[in-house]
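> Handing you a structure now.
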Amino acid sequence: MAGKKMKRILVTGAVGQIGSELTMALRKRYGAENVIATGRKTRPSDELRNSGPFYFIDVTRSETIEAVAKKHRIDTIFHLATILSAVGEKNPQLAWNVNINGLYNVLELAGKLDMVRVIVPSSIAVFGLETPRDNTPNETVLRPRTIYGVTKVAGELLGNYYFYRFGLDVRGLRYPGIISHKTMPGGGTTDYAVAIYYEAIKHRRYNCFVRADTRLPMMYMPDCIKAAIDLAEADLSQLKHHCDFNVGAMSFSAQELADSIRKYIPDFECTFEPDFRQKIADSWPCSVDDSPARKEWGWQPGYDLDAMTRDMLEALGKK
Ligand code: AKB
0 MAGKKMKRIL VTGAVGQIGS ELTMALRKRY GAENVIATGR KTRPSDELRN
50 SGPFYFIDVT RSETIEAVAK KHRIDTIFHL ATILSAVGEK NPQLAWNVNI
100 NGLYNVLELA GKLDMVRVIV PSSIAVFGLE TPRDNTPNET VLRPRTIYGV
150 TKVAGELLGN YYFYRFGLDV RGLRYPGIIS HKTMPGGGTT DYAVAIYYEA
200 IKHRRYNCFV RADTRLPMMY MPDCIKAAID LAEADLSQLK HHCDFNVGAM
250 SFSAQELADS IRKYIPDFEC TFEPDFRQKI ADSWPCSVDD SPARKEWGWQ
300 PGYDLDAMTR DMLEALGKK
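Residue numbers for the sequence shown follow numbering that gives the first Met the number 0, beginning at 0 and rising by one.
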């Protein structure tokens, strides 16, 4: 069984770091009119607004998603609206409401409207201090210490539940930190790995909010988009996992990241002044084992640290 084809797609969180680029990639692939971008409050870029339909919705209010989904006869939702780890620690109630109730609303609606598929990103935040940190297995201890991680574990379980209980084709992958140059990330722990490039170009210096030896798994945006689309288009009969795929690309310390930038900007200076996000970073893996994703849907990243740094600096330099 290959699973039904996606035709009309709704993206929640389309104004965010991943959503803004994923929406454009989906529009190119599925036709601009067939990919409906939605956001809650932030004004969409001209590119997003002018290239296809855009609506303001609130995922915690089911009727707002339902109205758009019915109007455009949506059969697939890429559900990206989420509160990330650092903002979540500042407002755990908001994180619970958006990440849990928002997801519940999306899954219920997808079932009610007999949709083909729901794609929901998870995160390396599902892991915790008791998890092996190097080459973290796909199947391991999931005891996160952040509310974001708690909601992501619950989200994976909920998505799997809807698959096994109601036959709804829900798929998800555990993203590492995502690095990109179009839209800034909104309140995660791995945001330093994006900010460092902007500051290197603008000011030749950056004060990093984690220690130099902080090593985390990371991924460049083109790989992030490819992973979402490859998983969404994978043959259902090949999937043994559904909502909980590890996906790796690269792993480096904050120092190694600064060194990689220094190869291109020799006078770049990086200082390290850890804040509350250090504790979150210390509870996450250094690298992940993504062999189930490679085996079940052919996951293969394209970028390593130096290739990404070259591309980031070139793109931001032009900006
Ligand atoms: C965050 O730092 O909160 C996110 C993530 C790893 O899920 N980038």
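All C-beta atoms, glycine included, are put in the ideal place defined by N, C-alpha and C.
(1) Please name the residue in L238, G171, N33, A314 whose C-alpha comes closest to that of N8.
(2) Would you mind working out which of Q92, F275, Y174 sits nearest S250, comparing C-alpha positions?
(3) Can you confirm whether the region 182–191 touches the region 224–239 when touching is taken to mean that 3 or more C-beta pairs between the two stretches lie within less than 8 Å?
(4) Mind checking S19: buried by the 16 CB within 10 Å criterion, or exposed?
(5) Run the proximity test for T189: is its beta-carbon closer than 7 Å to any non-hydrogen atom belonging to the ligand AKB?
(6) Quick one, are the C-beta atoms of I82 and Y147 less than 8 Å apart?
(7) May I have the straight-line CA-CA distance separating W30 from D45, to the nearest angstrom?
(8) Quick one: residues in its chain with C-beta nearer than 8 Å to the C-beta of M5, no 5 flanking neighbours on either side, listed in chain order?
(9) Closer than 7 Å: is that where the CB of P143 sits relative to any heavy atom of the ligand AKB?
(10) Grouping DSSP H, G and I as helix and E and B as strand, with all else coil, what is L172?
(11) Quick check on the DSSP output: what are the complete beta strand (DSSP E) runs of length 3 or more inside the region 223–282, in order along the chain?
(12) Give me whichever residues DSSP pairs with P216 in a beta bridge.
(13) Is K337 buried or exposed, if buried means 16 or more other CB atoms sit within 10 Å of its CB?
(14) My assumption, with CB atoms under 8 Å, is that Q16 sits in contact with I177. Please give the rounded CB distance.
(15) Taking C-alpha atoms, which residue in V14, F275, M311 lies nearest to M218?
(16) Is it buried or exposed, F126, if we count other Cβ atoms within 10 angstroms and call 16 or more buried?
(17) Round the Cβ separation of S259 and L304 to the nearest angstrom and send it over; I've been treating them as touching at under 8 Å.
(18) Between the region 239–257 and the region 198–213, can you find at least three pairs of beta-carbon atoms closer than 8 Å?
(19) Would you mind giving the Cβ-Cβ distance between A253 and R203, rounded to the nearest angstrom? I have them listed as a contact below 8 Å.
(20) Name the residue from R170, T22, V97, G247 whose alpha carbon lies nearest to the alpha carbon of V287.
(21) Using CA atoms only, rank isn't needed, just tell me which of F275, Y160, E129 is closest to K284.
(22) Mark K40 as exposed unless 16 or more other C-beta atoms lie within 10 angstroms of its C-beta, in which case mark it buried.
(23) Report the residue from V97, D274, K318, A24 whose alpha carbon sits nearest the alpha carbon of A151.
On the basis of the supplied data:
(1) Contrary to the premise, residue 8 reads as Ile rather than Asn in this sequence. It is N33 whose Cα lies nearest to the Cα of I8.
(2) Minimum Cα distance to S250 is reached at Y174.
(3) Contact between the region 224–239 and the region 182–191 is absent, because fewer than three Cβ pairs lie under 8 Å.
(4) By the beta-carbon neighbour count (other beta carbons within 10 angstroms, threshold 16), S19 is buried.
(5) Using a cutoff of 7 Å, the CB of T189 counts as near the ligand AKB, since one of the ligand's heavy atoms is closer than that.
(6) Result yes, Cβ atoms of I82 and Y147 sit closer than 8 Å.
(7) Note that residue 30 is Gly in the sequence shown, not Trp. Their Cα atoms are separated by approximately 18 Å.
(8) Taking M5 as the centre and dropping the five residues before and after it, the same chain places the C-beta of Y29, D74, T75, V115, R116, A231, E232 closer than 8 Å to its C-beta, in chain order.
(9) Checking the Cβ of P143 against the ligand AKB gives no.
(10) Here L172 sits in strand by DSSP.
(11) If you keep only unbroken beta strand (DSSP E) runs of at least 3 residues inside the region 223–282, you get 249–252, 268–271.
(12) Bridge partners of P216: S250.
(13) Any property of residue 337 remains undetermined from this structure, which presents the chain solely from 0 to 318.
(14) About 6 Å separates the beta carbon of Q16 from that of I177, a gap short enough to meet the 8 Å contact definition.
(15) Put simply, of V14, F275, M311 the residue whose alpha carbon is nearest the alpha carbon of M218 is M311.
(16) Classification for F126: buried.
(17) So it is a contact: roughly 5 Å between Cβ atoms.
(18) Segments in contact, yes.
(19) In fact, because the Cβ distance is near 17 Å, the residues do not count as touching under 8 Å.
(20) The candidate whose alpha carbon is nearest that of V287 is G247.
(21) Sequence check: residue 284 is Pro here, not Lys. Checking every option, the nearest Cα to that of P284 belongs to E129.
(22) When all chains shown are included, K40 counts as exposed.
(23) For the sequence presented, residue 151 should be read as Lys rather than Ala. For K151, the nearest C-alpha among the options comes from V97.
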